[in-house]
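Peer 1: Numbered by my numbering, the letters in the sequence shown go through residues 119 to 493 in order.
My questions all concern the structure below.
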Amino acid sequence: MANPTSSTDSSTATQTNLPSLKNVSMKKSIRVVLSTCNFPEGQEKPDFISKWLVIMRSCVFSMTIFSGIIGGMFAIFTALTAGTDILTLNWFNFLLGVIAITLSHATNNMLNDYFDLREGVDDNEYVRALYAPHPVLSGLISKTKLLIVVTLLVVIFLAITLYFFFTGYELAITFAIFGFFLSWAYVAPPFNFKKRGLGELSVLLVWGPLMTGVVYYVTIGKIDVFILLATLPYAITVTTVLFGKHIDKILPDKEKKIYTFPVIIGEKLARRVTQVLMISFYPLIFLLLWFQTVGIGVLLIVFALPTLYKSLKVYNKPKPDDSKEKWTGWPLYFVGWSFYHSRAAGGLFILGLFVNIILGMVAPDFLFLQDILGI
């Protein structure tokens with residue numbers, strides 16, 4: 119994952135001057151891996167945990183965990199506004215749901231690597247092997263063992279889904295089927311959504327209604343169409359991350375006949391579409407507030423506007439010719455800024471949802487905008 123770098127703000131950036139050591143402590147190694155999807159520079163033999171975190175591309179799991187937390191927050195808010203005791207919500211299911219969607223993300227990442235390698239997309243010169251170690255091409259694992267691990271994770275995911283089904287949450291099967299299909303079809307023949315300009319739409323559906331929706335469902339035990347729609351604003355920010363990545367790869371993808379949406383519409387228009395999607399998060403959240411799907415706490419998202427501004431400025435210009443000395447994960451570039459914004463916007467949205475829960479408990483008369491304005 120590329121990350122915007124700054125010599126003064128290490129909280130939003132990852133410098134390339136990582137420790138050049140033969141033996142790095144597991145703690146330091148894991149921290150670097152979770153930030154960059156790369157091992158610390160100069161590390162000769164990674165520890166077991168760091169190795170698997172790299173193979174699964176764990177540095178982007180936060181997007182999935184955020185989706186799950188939002189689902190749980192929506193469930194609490196629904197219960198509070200309905201006068202239901204939040205202790206009656208199924209918190210074990212909430213935790214299990216977040217674990218399940220994170221496993222599905224890891225599975226999807228490894229499936230991508232497996233099929234792209236099998237189909238001849240991934241090689242030592244392609245972008246995937248340049249921004250982070252490719253599990254197979256880097257020698258971390260064989261192709262056969264990678265497929266075995268994918269199968270094992272699918273079995274665990276299926277077991278969790280069946281547990282939900284047999285404990286009265288039958289619709290979890292529907293979420294799982296759609297999620298697995300989109301995950302498989304994203305990269306695998308005969309669908310190959312990524313190559314047909316449909317990958318971005320798949321991500322929007324998965325990180326919104328499917329991931330957040332299923333966690334909401336197994337926590338509260340019901341489906342709400344308005345809640346499913348409310349999952350879309352954050353999912354849009356996740357979709358901008360994929361847009362950024364596909365813009366970064368636009369030339370090599372075009373050469374390999376991988377027609378992602380940015381390849382289809384062109385680099386300049388793709389940058390503009392990404393900017394519009396980033397901006398859309400804010401009015402969409404305000405709409406949720408206006409229709410009382412959420413409370414006023416979500417106005418905390420305004421503190422993500424400086425991050426939005428920085429990211430939009432980057433998208434105003436084409437990708438630089440060469441920034442290897444400044445960017446972790448080069449040749450990826452735009453994706454880091456999309457991730458930077460998604461993390462800020464999503465984190466503040468979650469914080470706002472938490473504030474709503476507190477307000478719902480201690481000051482319900484100040485929960486909705488209309489009540490405060492007297493309209």
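Each residue gets a CB set at the ideal place from its N, CA and C atoms; glycine is no exception.
1. What is the rounded straight-line gap between the Cα of residue 110 and the Cα of residue 284?
2. Rounding to the nearest angstrom, what Cα-Cα distance links residue 314 and residue 380 in this structure?
3. When every heavy atom of the ligand HEM is checked, does at least one fall within less than 7 Å of the C-beta of residue 488?
4. Give the straight-line distance between the Cα atoms of residue 393 and residue 324, rounded to the nearest whole angstrom.
5. Distance, Cα to Cα, residue 254 vs residue 321?
6. Alpha helix (DSSP H) containing residue 366: first to last residue?
7. Does the beta-carbon of residue 448 have 16 or more other beta-carbons within 10 angstroms, so that it is buried, or is it exposed?
8. Can you find the residues in the same chain that come closer than 7 Å, C-beta to C-beta, to residue 312, ignoring five residues on each side of it along the sequence?
9. Do you know offhand how far residue 353's Cα is from residue 326's?
10. Scan the stretch 235–318 and note each continuous alpha helix (DSSP H) run of 4 residues or more that stays entirely inside, going in chain order.
11. In chain order, what residues of the same chain lie with their CB nearer than 6 Å to the CB of residue 366, ignoring the 5 residues before and after it?
12. Among 338, 434, 482, 369, which has the Cα closest to the Cα of residue 205?
13. Which ranges would you report for the beta strand (DSSP E) in the stretch 153–214 if only whole runs of at least 3 residues count?
14. Please return the same chain residues whose Cβ sits closer than 7 Å to the Cβ of residue 487, not counting the five positions on each side in sequence.
15. Three Cβ pairs or more, each shorter than 8 Å: is that satisfied between the stretch 179–193 and the stretch 245–262?
16. For residue 491, count neighbouring Cβ atoms within 10 angstroms of its own Cβ and tell me buried if that reaches 16, exposed if not.
17. Have a look at residue 335 and residue 485 and give me their C-alpha separation to the nearest angstrom.
18. Run through DSSP, which three-state label would residue 488 get?
19. Tell me the rounded alpha-carbon separation between residue 199 and residue 467.
20. Rounded to the nearest angstrom, what separates residue 350 and residue 162 at their Cα positions?
21. Buried or exposed for residue 344, going by 16 or more other Cβ atoms inside 10 Å?
Peer 2: Considering the structure as presented:
1. Residue 110 lies beyond the residue range present for the chain, which begins at 119 and ends at 493; the question has no answer from this structure.
2. About 11 Å.
3. Although the ligand HEM was asked about, the structure shown includes no ligands whatsoever.
4. Each residue's alpha carbon lies about 21 Å from the other.
5. Straight through space, the alpha carbons of residue 321 and residue 254 are spaced by roughly 25 Å.
6. Run containing residue 366: 350–366, per the alpha helix (DSSP H) assignment.
7. Under the 10 Å beta carbon count, residue 448 is surrounded by 16 or more other beta carbons and is classified as buried.
8. Annotation for residue 312: 304, 305, 376, 378 place their beta carbon closer than 7 Å to its own, counting only its chain and skipping 5 residues before and after.
9. Rounded to whole angstroms, residue 353 to residue 326 spans 5 Å at the Cα level.
10. Secondary structure remark: continuous alpha helix (DSSP H) runs of at least 4 residues inside the stretch 235–318, in chain order: 246–249, 261–284, 290–305.
11. Excluding sequence neighbours, residue 366 sits near 450, 451, 452, 453.
12. Of 338, 434, 482, 369, the residue nearest in Cα terms is 338.
13. Qualifying beta strand (DSSP E) stretches: none in this window.
14. 407, 408, 414, listed in sequence order.
15. No contact exists between the stretch 179–193 and the stretch 245–262.
16. Using a 10 angstroms sphere on the CB of residue 491, the tally of other CB atoms stays under 16, which defines it as exposed.
17. Those two C-alpha atoms are separated by around 23 Å.
18. Of the three classes helix, strand and coil, the one that applies to residue 488 here is helix, per DSSP.
19. Inter-residue distance for residue 199 and residue 467 is about 19 Å (C-alpha atoms, whole angstroms).
20. Cα to Cα, the separation comes out at about 42 Å.
21. Classification for residue 344: exposed.
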